[in-house]
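Reminder that position 9 of the sequence shown reads as 16 in this note's numbering, one-by-one numbering, no gaps.
Beta carbons are placed, not taken as given, at the ideal position from N, Cα and C, and that holds for glycine.
Bear in mind the structure is a predicted one, so any value in this text is a computation, not a measurement.
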Amino acid sequence: MRKLDTLWKCNDNEKKAVLLRVKQTAQENEIAITGCARSVLHALQEHLGLGNEEVIRGLAPFAGGAARTGSLCGALIGGIVGIGLAYAPSTLKGALEMRGYVQSMDLAGILFDRFKEKFGAVDCREIQHLIWGRSWNLRDQREREDYLQPEFHDKCGDIAGEVAMQAAEIILDNAGQ
């Protein structure tokens, strides 16, 4: 039985405690490994029982906005993947008609909208600009080294924590339905 199968029955205090643990784990992961998509999904995996090490490994190239391009935020990608693991069907056959497919798309859309509202953008490069008034070319080693200094990069830990917590809340609020 997955952790999620029992967690959806938890009371409000237990849910708050789980959400805080998810947030803290994602923050700590991001600061330690600088891989936002993996950091978020690992926190969801650890506390909700979603995914496995292969999925975590597959998310490695999504840091820095998909292969360090500054595109869609990797933390958001990790949260969306977590929602997909919780709700999407495990087969491709007829997936478009399956309730889980539609539900996973709807719930991922909620996360996407919350993210955009909270951070003002969904692309890594734009988020950097909104926070620091500039962005870094993360494909350039010198700029990447500059960006990875704690005074800049630690904010990504905050973003990863927030996304992981929001994704977990969406998952738990809709579990068992």
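Rounded to the nearest whole angstrom, the CA to CA distance from threonine 32 to serine 46 is 8 angstroms. Buried is the label assigned to glutamine 173, since at least 16 other Cβ atoms lie within 10 Å of its Cβ. At least 8 angstroms separates the beta-carbon of glycine 56 from that of leucine 145. For the alpha helix (DSSP H) assignment, the uninterrupted runs of no fewer than 4 residues enclosed by the stretch 57–138 are, from N- to C-terminal side, 60–65, 81–94, 106–126. In this structure, cysteine 43 places its C-beta atom within 8 angstroms of the C-beta atom of glutamate 37. Under the 10 Å beta carbon count, serine 97 is surrounded by fewer than 16 other beta carbons and is classified as exposed.
With respect to the 8 angstroms criterion, cysteine 80 and valine 25 are not classified as neighbours on the basis of their beta carbons. For lysine 30 against alanine 171, the beta-carbon gap comes to about 6 angstroms, under 8 angstroms, which counts as contact. Residue state for cysteine 17 is assigned as coil, using DSSP reduced to three classes. For a cut-off of 8 angstroms, the C-beta gap from leucine 48 to isoleucine 63 is around 6 angstroms, short enough to register as a contact.
Relative to isoleucine 178, the option among Phe122, Gly89, Arg106 whose CA is nearest is Gly89.
Going by beta carbons, glycine 91 and alanine 115 fall inside the 8 angstroms limit. By the C-beta density criterion, tryptophan 139 is exposed, having fewer than 16 other C-beta atoms within 10 angstroms.
Around the Cβ of glutamine 148, a 10 Å sphere holds fewer than 16 other Cβ atoms; the residue is exposed.
Within the same chain, and ignoring the five residues on either side of arginine 121 in sequence, the residues whose Cβ sits closer than 7 angstroms to its Cβ are Gln173.
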